[in-house]
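Visitor:
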Amino acid sequence: GAVVSQHPSWVICKSGTSVKIECRSLDFQATTMFWYRQFPKQSLMLMATSNEGSKATYEQGVEKDKFLINHASLTLSTLTVTSAHPEDSSFYICSAGTSTGGRLTQYFGPGTRLTVL
Amino acid sequence: AQSVAQPEDQVNVAEGNPLTVKCTYSVSGNPYLFWYVQYPNRGLQFLLKYITGDNLVKGSYGFEAEFNKSQTSFHLKKPSALVSDSALYFCAVRDTGNTPLVFGKGTRLSVIA
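Going down the list, the sequences are from chains Z and A. With my numbering, the residue at position 6 of the first sequence is 265, and numbering never jumps. With my numbering, the residue at position 55 of the second sequence is 59, and numbering never jumps.
Below is the structure:
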């Protein structure tokens with residue numbers, strides 16, 4: 260089946276530093292990548308959608324200058340949390356999507372837990 | 005815009021008993037409905053989906069869900085719960101084929117031996 264990996268699986272950083280999270284589709288090409296954020300005991304909130312080679316589309320309330328998304332190829336997307344602060348601590352989950360016959364199928368990565376001290 | 009409601013934060017059930025995790029949805033068109041399970045510090049695992057066809061959908065690990073258009077519900081069910089079913093369950097919906105999934109807040113299922 261389709262596998263999506265994320266790296267790192269967890270990261271601890273100091274306040275003010277930047278952190279990059281990678282999302283890869285291992286055995287398929289993803290036309291679209293999605294980034295979700297999950298707060299403790301809460302649901303997944305869609306942050307942004309990106310298509311390969313295009314700028315990401317951010318959901319309302321998500322700062323695009325803080326959460327930089329790059330979708331350089333059909334198998335790789337990165338999320339960079341710039342100048343991270345403790346309130347950015349969260350579980351970030353990427354999803355790689357393929358479309359067949361006009362229907363999107365999303366495959367989810369295992370998530371990255373970010374802790375900002 | 006589409007939305008999903010999972011009215012229960014927590015569901016407790018004894019092992020061997022049937023379980024139900026509730027989900028209601030709101031979409032402007034025909035819904036695409038999904039259930040996912042999440043174990044601690046893990047990503048989402050797909051359980052089942054409804055797009056068209058039979059209202060009763062069978063999925064992984066013995067789970068099933070029933071689409072009820074009149075009640076706009078898509079409750080997840082299993083005839084006999086296992087302790088290993090204890091996890092966080094998410095219902096999700098999209099209203100067209102190509103929009104991203106919108107998730108409910110999740111329901112924590114605890115199966116007690």
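Each residue gets a CB set at the ideal place from its N, CA and C atoms; glycine is no exception.
Under 6 Å Cβ to Cβ from TYR366 (chain Z), same chain only, skipping five residues before and after it: list those, please.
Guide: Excluding positions up to five away in sequence, the list reads ALA261, VAL263 and ALA355.
Visitor: Given a cut-off of 7 Å, decide if THR334 (chain Z) and GLN265 (chain Z) are closer than it, judged by their beta-carbon atoms.
Guide: No, these two residues do not count as a Cβ contact at 7 Å.
Visitor: Which one or two residues does DSSP pair with LYS314 (chain Z) in a beta bridge?
Guide: LYS314 (chain Z) pairs with nothing; no bridge assigned.
Visitor: If you reduce the DSSP assignment to three classes, tell me which class GLU12 (chain A) lands in.
Guide: Of the three classes helix, strand and coil, the one that applies to GLU12 (chain A) here is coil, per DSSP.
Visitor: Looking at the structure shown, is GLY356 (chain Z) part of a helix, part of a strand, or coil, going by DSSP?
Guide: Three-state result, GLY356 (chain Z): strand.
Visitor: At the 7 Å Cβ level, is LYS109 (chain A) part of the contact set with chain Z, yes or no?
Guide: Yes, LYS109 (chain A) lies at the interface with chain Z (some Cβ there is under 7 Å from its Cβ).
Visitor: Since VAL4 (chain A) and GLY110 (chain A) are thought to touch, with beta carbons under 8 Å apart, how far apart are those beta carbons, to the nearest angstrom?
Guide: Limits of chain A in this structure are 5 at one end and 117 at the other, which puts residue 4 (chain A) out of reach.
Visitor: For a contact meaning CB atoms closer than 8 Å, what does PHE94 (chain A) contact in chain Z?
Guide: The contacting residues are SER302 and LEU303.
Visitor: Could you name the residues that DSSP lists as bridge partners for ASN72 (chain A)?
Guide: Answer by DSSP bridge pairing, in chain order: A:SER77.
Visitor: Could you pull the DSSP bridge partners for CYS272 (chain Z) from this structure?
Guide: For CYS272 (chain Z), which the question treats as bridged, DSSP gives the partners Z:VAL375.
Visitor: Tell me which same chain residues have a C-beta within less than 7 Å of the C-beta of GLU346 (chain Z), skipping the five on either side of it?
Guide: There are no such residues.
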